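Visitor: Below is one structure. I have some questions about it.
Right under this line is the structure:
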């Protein structure tokens, strides 16, 4: 058992911070409970420094190759930690003013992020499961954190029940894989072992793959496992919704990418149609239902479902051709990262508005151009980017997926591209609903909205990032390129 | 960086810089903001004219080229340049934008907010100009889409009563078309020469050499043409246009009619036909048919309009029908006619929308019945200008509208002898339909003038103190009125520019 302590540095720092937050909270007086946030923030930044120190250090394995830190893992770790910084920034005012248990919240939030950070390094079924649960379990509690509100309780319970159910199914699938492969748990070994399976055992392996996919489909809120998402997002505190929509769902994708592209790659002929179905159903249902939403968090939830559908599409592009797979993989990674930026921005803008209008109806955004111009322009950019219209980063994200789909060729690739195109156009309709309110309607209360500086900063940075991605996509394309090779090489 | 390779980049991006500067201005400085709008569009126009002056008219091929890497991972390049087909449209873009900025010195429609209005207009300008100089398919697509967002807001915020419906219809319709176009571009990328490229020069040469298979061309031409056809707009994809035009603020309509519609026809000439010549050959009769139907349909629709602005909007469908008919013949005359028609339509219809905007400013209604006639009595100058432009629009010889129409009809008498030899009869039917269309066009324009300009002046307007053409209007309209006359009397100022490029295009194509 080799342990590369340097490679595990980010996790150690984060875990230490989590414990520190828990302990410090006990000694803080009621008025100073918010102090847990800066402590957490320092810890996360420290952990991020740890990630940065590992860049260029090559592939490093721990625990007998079950925990690998490579470029793919670092990219996602960095993404999660930046997300953590953002969610912490959004949380401070919200939890301080809302009368929540702040210490516990930051403890739970950071624990979830620890799970996220572990996910892309986990190259072993057991570790993947642990990481996934570490992301989810605190999430159940955080979703129900607005204890006085029935909706929040509903959010937590729904999330919990559906989450546990799908976890059980997934665990069952994992146990079958363990049996079918004769005891393999490492992803690379599973890949080799499954290729040698045939006959009845192969059928069993297919069932097992299906079960495992179900577990992750829940995590990324793919149709038909999406029912929890809108209710949970709506009921949760808005920063928690941001966490669920970005970090938790991206963690699901990070795990799924490793499973499908490494462990189950050989069985793609079996699962590609499943993903094609999941993808089409997810984007179509997400977009159609989003069209009818009048509450912004629910709208973002359904938009998130639709976006998951776009990402799932890349899985349906896997073939025997390694070059085309690499493109699909790179498209997925790039899209996930850009999706994170634009969705975080949208939630940040929503947090800003939630201070005056806790119900967050679409009409509550009316006249935001006067009451909070930076937030309004930012939100417009995020919506346009989510719709995939230039001049924003979202455009490149979609373009890469289209390109991968067309390059895959056959009937399926172009067909999926057409479905996604039609969906993209339909989505513009609801993405424009919020900008329309912000710029075309007048606010009932024209006084300036007081937005916390941290939230404004998040919106501004996300907005600039999206435009920068559009102008200089090379930087981001390179990130995806790097991760591609290592992710598939495992 | 020399002037030669940076000129069009600077010129095209200058409006965006202007938009940023204007966005930073404090909103109280309304006059200064409007002044800046004029300064930036004016400076851009000066640069554009300098480019036109330095252009070598005797040479086919791209000039002022800049070709650098943009996104190496997927082979997207920042490749811009200008040739005889682009140049007239490019200069027209800057001219119309400049005139719109001058017009905005006095007219910024409700609800005001000059800053945002001008910033969006400048952004729009970059998008439109960029489309005409992009020589990489993805860059082309980016500029093409860049137009959508500012135009959406211009209609949605500064439009008239039904603006929200019109703006969203405009947005979704165009996006829908353009996304199929993008799919077509991606298909060409993968089926194109090795290594894969989005470079339009490489793909054109490949396409003309017959690189793409016939089935591929049929499918992809359909996808790409759909995107362009919505933008033109060709009948039956035109339904967004009357709404968008009617609801848009005056300068929105001017830029929409003057330049944005040309992006579609430009796409046919620049991309669809040379890249996919076999597809063009097979689709040409269909395009011609839709164009001919569009001409007649639009004329009939115009006869039925009660709203002055909607009437002009429908007349655009008809005029663009002539442009498409010219393109569909795949002949040198036809495509020359199309480019001339594009420029003429931009000048004339842009001017017509200016007139309608100013008429609305006086009467506060666009309904022909409410205006009630007699405009020549109250406002002889405005009435005179309106009559002059309307007559130019119906294609009177000696004015700009004439050449594009008559040459389009002429070319459809004998479509391309190499590839459309078996369709001559059909195209002659189109020619007859186009001829009927010109008669109807004359009919509805004259009838419109009769109802607006002539007749007895209703009492309510007699004492309303309607003000005739203002100084600022003379300034912003003068160049267009002059151009209408000059283009009509001396069409070589466009043909002379496009000659080399079009014959270059067609020697590669048919023979």
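Protein chains in written order, with this note's numbering: chain V, 232 to 721; chain E, 47 to 557.
All C-beta atoms in this analysis are idealised placements derived from N, C-alpha and C, irrespective of residue type, glycine included.
Values in this document were obtained by computation on a predicted structure and should not be read as measured data.
Per DSSP, residue 117 (chain E) forms a beta bridge with which residues?
Guide: Locating residue 117 (chain E) in the second chain gives position 71, counting from the first residue. Beta-bridge pairing links residue 117 (chain E) to E:122.
Visitor: Along chain E, which residues have their Cβ under 7 angstroms away from the Cβ of residue 361 (chain V)?
Guide: On the first chain, residue 361 (chain V) is found 130 positions in, with the first residue counted as 1. Those do not exist, as residue 361 (chain V) stays about 35 angstroms from chain E at its closest Cβ, beyond 7 angstroms.
Visitor: Would you mind stating whether residue 522 (chain E) and residue 145 (chain E) have Cβ atoms separated by less than 8 angstroms?
Guide: To locate residue 522 (chain E), count along the second chain from 1; it is residue 476. To locate residue 145 (chain E), count along the second chain from 1; it is residue 99. For residue 522 (chain E) and residue 145 (chain E), yes; Cβs fall inside 8 angstroms.
Visitor: Does the count of Cβ pairs from the segment 273-293 of chain E and the segment 348-364 of chain E closer than 8 angstroms reach three?
Guide: yes
Visitor: Using a C-beta cutoff of 8 angstroms, does residue 667 (chain V) count as contacting chain E?
Guide: Mapped onto the first chain, residue 667 (chain V) falls at position 436. Residue 667 (chain V) counts as touching chain E.
Visitor: Starting from the Cα of residue 133 (chain E), find the closest Cα among E:160, E:125, E:99 and give me that residue.
Guide: On the second chain, residue 133 (chain E) is found 87 positions in, with the first residue counted as 1. When each option's Cα is compared against that of residue 133 (chain E), the closest is E:99.
Visitor: Show which residues of chain E have a CB atom less than 7 angstroms away from the CB atom of residue 638 (chain V).
Guide: Numbered from 1 along the first chain, position 407 holds the residue referred to as residue 638 (chain V). 236, listed in chain order.
Visitor: Please report the straight-line C-alpha distance between residue 716 (chain V) and residue 492 (chain V), rounded to a whole angstrom.
Guide: As a first step, residue 716 (chain V) is located in the first chain; it is residue number 485 there, counting from the start. As a first step, residue 492 (chain V) is located in the first chain; it is residue number 261 there, counting from the start. Unreliable positioning characterises residue 716 (chain V) in this predicted model, as indicated by a pLDDT of 43, which lies under 50. The coordinate reading is nonetheless provided below. C-alpha separation (whole angstroms): 12 angstroms.
Visitor: Take residue 429 (chain E) and list the residues in its own chain whose beta-carbon comes closer than 6 angstroms to its own, dropping the five residues that flank it on each side.
Guide: Position 383 of the second chain, counting from 1, holds the residue named residue 429 (chain E). Here the set comprises 421, 422, 499.
Visitor: According to DSSP, is residue 457 (chain V) part of a helix, a strand, or is it coil?
Guide: Here residue 457 (chain V) refers to the residue found at position 226 when the first chain is read from its first residue. Three-state DSSP puts residue 457 (chain V) in coil, outside helix and strand.
Visitor: Return the chain-ordered list of same chain residues with a C-beta closer than 7 angstroms to the C-beta of residue 160 (chain E), the five sequence neighbours on each side being excluded.
Guide: Here residue 160 (chain E) refers to the residue found at position 114 when the second chain is read from its first residue. 76, 79, 80, 154, listed in sequence order.
Visitor: Just tell me which of E:351, E:448, E:403, E:418 has its CA closest to the CA of residue 386 (chain E).
Guide: For the purposes of this step, residue 386 (chain E) is taken as residue 340 along the second chain, with counting starting at 1. For residue 386 (chain E), the nearest C-alpha among the options comes from E:448.
Visitor: Check each candidate in V:696, V:340, V:390, V:609 and name the one with the smallest Cα separation from residue 581 (chain V).
Guide: Position 350 of the first chain, counting from 1, holds the residue named residue 581 (chain V). Out of V:696, V:340, V:390, V:609, V:609 has the C-alpha closest to the C-alpha of residue 581 (chain V).
Visitor: For the segment 267-277 of chain V against the segment 301-308 of chain V, are there 3 or more C-beta pairs whose distance is under 8 angstroms?
Guide: no
Visitor: Which parts of the segment 351-432 of chain V are runs of the alpha helix (DSSP H), unbroken and 4 residues or longer, counting only runs that do not cross its ends?
Guide: 356-374, 381-411, 418-426
Visitor: Is there a C-beta anywhere in chain V that falls below 8 angstroms from the one on residue 229 (chain E)?
Guide: For the purposes of this step, residue 229 (chain E) is taken as residue 183 along the second chain, with counting starting at 1. Chain V, which has a Cβ nearer than 8 angstroms to the Cβ of residue 229 (chain E), makes this yes.
Visitor: In its own chain, which residues sit with a C-beta less than 8 angstroms from the C-beta of residue 614 (chain V), not counting the 5 before and 5 after it?
Guide: In the first chain, residue 614 (chain V) corresponds to position 383, counting from 1. So the qualifying residues of the chain are 577, 662, 663, 665, 666.
Visitor: Using a Cβ-Cβ distance under 8 angstroms, would residue 683 (chain V) count as near chain E?
Guide: To locate residue 683 (chain V), count along the first chain from 1; it is residue 452. Judged by the 8 angstroms Cβ criterion, residue 683 (chain V) is not in contact with chain E.
Visitor: Excluding five sequence neighbours on each side, which residues of the same chain lie with their C-beta closer than 7 angstroms to the C-beta of residue 238 (chain V)?
Guide: For the purposes of this step, residue 238 (chain V) is taken as the residue at position 7 of the first chain. Answer for residue 238 (chain V): 285, 291, 293, 300, listed in chain order.
Visitor: When you compare each of V:278, V:251, V:280, V:399 to residue 266 (chain V) by their alpha carbons, which one comes out closest?
Guide: Numbered from its first residue, the first chain carries residue 266 (chain V) at position 35. With distances taken between Cα atoms, residue 266 (chain V) lies closest to V:251.
Visitor: Measure the CB-CB distance between residue 482 (chain V) and residue 571 (chain V) and report whether it falls below 8 angstroms.
Guide: The residue labelled residue 482 (chain V) in the question sits at position 251 within the first chain. The residue labelled residue 571 (chain V) in the question sits at position 340 within the first chain. Going by C-beta atoms, residue 482 (chain V) is not nearer than 8 angstroms to residue 571 (chain V).
Visitor: Beta carbon of residue 419 (chain E), beta carbon of residue 511 (chain E): below 8 angstroms?
Guide: What you label residue 419 (chain E) is simply residue 373 of the second chain in a count that begins at 1. What you label residue 511 (chain E) is simply residue 465 of the second chain in a count that begins at 1. Taking 8 angstroms as the Cβ cut-off, residue 419 (chain E) and residue 511 (chain E) do not qualify as a contacting pair.
Visitor: Just to confirm my understanding: we take residue 558 (chain E), look at its own chain, exclude 5 residues before and 5 after, and list those with CB closer than 6 angstroms. What are they?
Guide: Residue 558 (chain E) lies beyond the residue range present for chain E, which begins at 47 and ends at 557; the question has no answer from this structure.
Visitor: Return no unless some Cβ of chain V is closer than 8 angstroms to the Cβ of residue 598 (chain E).
Guide: The displayed coordinates of chain E run from 47 to 557. Any statement about residue 598 (chain E) would go beyond what the structure contains.
Visitor: In its own chain, which residues sit with a C-beta less than 6 angstroms from the C-beta of residue 720 (chain V), not counting the 5 before and 5 after it?
Guide: On the first chain, position 489 is the one that residue 720 (chain V) refers to. Any answer about residue 720 (chain V) is weak, because its pLDDT of 41 lies below 50 and its placement is not dependable; what the coordinates show is given next. For residue 720 (chain V), where only same-chain residues beyond five positions count, there are no Cβ hits under 6 angstroms.
Visitor: Taking the runs of the beta strand (DSSP E) that are 3 residues or longer, which of them lie wholly in the segment 274-356 of chain V?
Guide: 291-293, 298-300
Visitor: Is there at least one Cβ from chain E nearer than 8 angstroms to residue 567 (chain V)'s Cβ?
Guide: Taking the first chain and counting its residues from 1, one reaches residue 567 (chain V) at position 336. So, not an interface residue.
Visitor: Run through chain V and tell me which residues come within less than 7 angstroms of residue 271 (chain E), C-beta to C-beta.
Guide: In the second chain, counting from the first residue as 1, residue 271 (chain E) sits at position 225. Result: empty, since nearest Cβ-Cβ is about 16 angstroms, beyond 7 angstroms.
Visitor: Nearest by alpha-carbon distance to residue 433 (chain V): which of V:386, V:465, V:243, V:498 is it?
Guide: What you label residue 433 (chain V) is simply residue 202 of the first chain in a count that begins at 1. The shortest Cα separation from residue 433 (chain V) among V:386, V:465, V:243, V:498 belongs to V:498.
Visitor: Rounding to the nearest angstrom, what Cα-Cα distance links residue 59 (chain E) and residue 172 (chain E) in this structure?
Guide: By one-based count along the second chain, residue 59 (chain E) stands at place 13. By one-based count along the second chain, residue 172 (chain E) stands at place 126. Looking at the two C-alpha atoms, the distance is approximately 6 angstroms.
Visitor: Please report the straight-line C-alpha distance between residue 342 (chain V) and residue 358 (chain V), rounded to a whole angstrom.
Guide: Mapped onto the first chain, residue 342 (chain V) falls at position 111. Mapped onto the first chain, residue 358 (chain V) falls at position 127. Spanning the two alpha carbons is a distance of roughly 15 angstroms.
Visitor: Closer than 8 angstroms, CB to CB, is residue 634 (chain V) near chain E or not?
Guide: Taking the first chain and counting its residues from 1, one reaches residue 634 (chain V) at position 403. Yes, because at least one Cβ of chain E sits closer than 8 angstroms to the Cβ of residue 634 (chain V).
Visitor: Can you tell me whether residue 538 (chain E) is buried or exposed, with buried defined as 16 or more other CB within 10 angstroms of its CB?
Guide: Against the second chain, residue 538 (chain E) aligns to sequence position 492. With fewer than 16 other Cβ atoms within 10 Å, it is exposed.
Visitor: Going by beta-carbon coordinates alone, are residue 461 (chain V) and residue 321 (chain V) separated by less than 8 angstroms?
Guide: In the first chain, counting from the first residue as 1, residue 461 (chain V) sits at position 230. In the first chain, counting from the first residue as 1, residue 321 (chain V) sits at position 90. Not in contact: residue 461 (chain V) and residue 321 (chain V) (Cβ atoms no closer than 8 angstroms).
Visitor: Hey, how far is the Cα of residue 676 (chain V) from the Cα of residue 684 (chain V)?
Guide: Locating residue 676 (chain V) in the first chain gives position 445, where the first residue counts as 1. Locating residue 684 (chain V) in the first chain gives position 453, where the first residue counts as 1. Each residue's alpha carbon lies about 21 angstroms from the other.
Visitor: Alpha carbons only, please: which of V:403, V:479, V:657, V:383 is nearest the one belonging to residue 519 (chain V)?
Guide: For the purposes of this step, residue 519 (chain V) is taken as the residue at position 288 of the first chain. Out of V:403, V:479, V:657, V:383, V:657 has the C-alpha closest to the C-alpha of residue 519 (chain V).
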